[in-house]
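Quick note on numbering: the sequence shown equals residues 1 to 320 in full-length UniProt numbering.
Glycine residues also receive a C-beta, built at the ideal position from the N, C-alpha and C atoms.
Just so you know, these numbers come straight off a predicted model, no measurement behind them.
Structure, as structure tokens:
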Amino acid sequence: MSAQKGRSEDRSYTDWMSQLPPELHNNPLHNLTIPGSHDSMSYDLDLSSAIIEPDGLKRLSKMYCARKILYKWARTQEESILKQLDAGVRYFDLRIARKDNDPDPNRLYFYHGLLTQTDVETILRVINDWAERHPKEILILSFSHFKGFVKRYEDQLHCDLINFIKTLFGAKLCKRYPFPTLKSCWENGTNVIISYDYPANMHQEIWGKIPYYYGNSMDITKVETKLCRVLERDRPYQCLFVCGLNLTLPEDHKILKYIFFRMWDNLAKVIERSLPRLLHWVSQQGAKTPMNIVASDMVTHDGFVATVVQLNTQCVNVKA
Numbered sequence: 001m002s003a004q005k006g007r008s009e010d011r012s013y014t015d016w017m018s019q020l021p022p023e024l025h026n027n028p029l030h031n032l033t034i035p036g037s038h039d040s041m042s043y044d045l046d047l048s049s050a051i052i053e054p055d056g057l058k059r060l061s062k063m064y065c066a067r068k069i070l071y072k073w074a075r076t077q078e079e080s081i082l083k084q085l086d087a088g089v090r091y092f093d094l095r096i097a098r099k100d101n102d103p104d105p106n107r108l109y110f111y112h113g114l115l116t117q118t119d120v121e122t123i124l125r126v127i128n129d130w131a132e133r134h135p136k137e138i139l140i141l142s143f144s145h146f147k148g149f150v151k152r153y154e155d156q157l158h159c160d161l162i163n164f165i166k167t168l169f170g171a172k173l174c175k176r177y178p179f180p181t182l183k184s185c186w187e188n189g190t191n192v193i194i195s196y197d198y199p200a201n202m203h204q205e206i207w208g209k210i211p212y213y214y215g216n217s218m219d220i221t222k223v224e225t226k227l228c229r230v231l232e233r234d235r236p237y238q239c240l241f242v243c244g245l246n247l248t249l250p251e252d253h254k255i256l257k258y259i260f261f262r263m264w265d266n267l268a269k270v271i272e273r274s275l276p277r278l279l280h281w282v283s284q285q286g287a288k289t290p291m292n293i294v295a296s297d298m299v300t301h302d303g304f305v306a307t308v309v310q311l312n313t314q315c316v317n318v319k320a
């Protein structure tokens with residue numbers, strides 16, 4: 001693994017899509033292997049935020065120590081969106097929430113356990129600026145898990161957010177049909193795909209939910225077993241899908257037992273211990289079955305981007 005890590009440090013993946021072999025330019029995007037980040041905005045969590053999830057911990061929101069402990073286990077990324085983009089990440093898991101009692105009823109944030117400090121519009125402008133500077137890099141933004149949307153204002157909040165997205169990214173948005181390839185995106189001047197997990201079928205530029213498969217466990221063996229089953233038997237065809245390497249804390253009361261018995265640990269340390277093994281599995285499995293989007297925590301660690309991107313050229317070399 002050390003040699004692989006060295007290669008990832010020597011090479012820049014900022015524009016890796018534009019550097020893929022010509023043989024891949026006509027491939028539908030679901031036939032490429034694309035690095036993605038899980039809970040992409042969790043590097044920006046706000047310690048003063050109320051606890052948004054899990055439900056079992058919400059009653060502890062007023063306790064600073066509870067928020068601080070949750071912060072350690074909810075922060076799945078260390079680097080900013082801009083640094084993730086520069087590192088080669090092309091899929092972003094963006095979970096949206098509205099803050100209670102916010103003076104601006106339309107202002108939205110991201111969340112993972114806690115809300116972020118930075119609002120949605122600010123981050124999307126950063127992404128849009130990057131996309132303009134790198135027109136051959138295709139970005140996939142997945143909006144999901146909407147929290148705090150009051151029922152009677154829910155449709156309007158979604159409508160406002162979708163309209164902001166369409167206005168901001170404009171002509172860069174890829175339509176759902178015909179299914180895009182690298183070449184078609186480059187020729188049409190489009191390089192942003194929006195996946196939105198809420199009915200938005202009236203917009204050709206807004207895609208539906210992208211299937212996300214993950215192990216739903218902190219046990220690496222269980223994660224690998226679940227993903228193997230999906231990839232070898234249940235994998236969707238002719239559409240984008242995500243293979244999530246992320247480890248997942250229990251959602252019920254067991255989360256308290258798990259966290260409090262590991263007071264001196266945190267998710268970043270767990271990922272550092274587990275990611276090398278998961279990436280070894282990715283290299284082996286990727287040689288047998290297509291994986292499409294591979295999402296992970298701590299995406300700038302251990303040659304994650306290099307491992308995933310190199311599966312594309314490995315496929316070409318095998319065919320040759």
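Item	Value
Suppose you measure from the CA of P178 to the CA of N101; what does that come to, to the nearest Å?	43 Å
Quick one: using the 10 Å Cβ neighbour count with 16 as the cut-off for buried, is E137 buried or exposed?	buried
If you count every other CB in all the chains shown that lies within 10 Å of the CB of M17, and 16 or more means buried, which is it?	buried
Whole beta strand (DSSP E) runs in the region 134-187 with 3 or more residues, listed along the chain?	139-147
Taking 6 Å as the limit between beta carbons, can you name the residues of its chain near D39, skipping five residues before and five after?	T76, D93, H112
Count Cβ pairs between the region 285-298 and the region 28-43 that sit closer than 8 Å; are there 3 or more?	yes
Could you say which of F169, L70, G303, N128 lies nearest to I206 if we only look at CA atoms?	F169
Evaluate C159 with the Cβ neighbour count: other Cβ atoms within 10 Å of its Cβ, from every protein chain shown; 16 or more gives buried, anything less gives exposed.	exposed
Just the C-alpha distance for S274 and Q310, rounded to the nearest angstrom, thanks.	20 Å
Assuming C65 is part of the alpha helix (DSSP H), what are its boundary residues?	64-74
Between the region 62-80 and the region 113-129, do at least 3 Cβ pairs fall closer than 8 Å?	yes
What does a CB cutoff of less than 7 Å around K5 pick up in its chain, not counting 5 residues either side in sequence?	For K5, the predicted structure reports a pLDDT of 43, less than 50, and the residue's modelled location is therefore unreliable. A value from the coordinates is still provided. Correct list, in chain order: D302, G303.
Pick from V192, Q285, G215: whose alpha carbon is nearest that of L124?	V192
Once you ignore the five residues that flank G88 on each side, which residues in its own chain have a CB closer than 7 Å to its CB?	Y13, T14, W16, P35, V305, V309
Buried or exposed: R233, going by 16 or more other Cβ atoms within 10 Å of its Cβ?	exposed
Leaving out five residues before and five after P105 in sequence, what residues of the same chain have Cβ atoms less than 6 Å from its Cβ?	none
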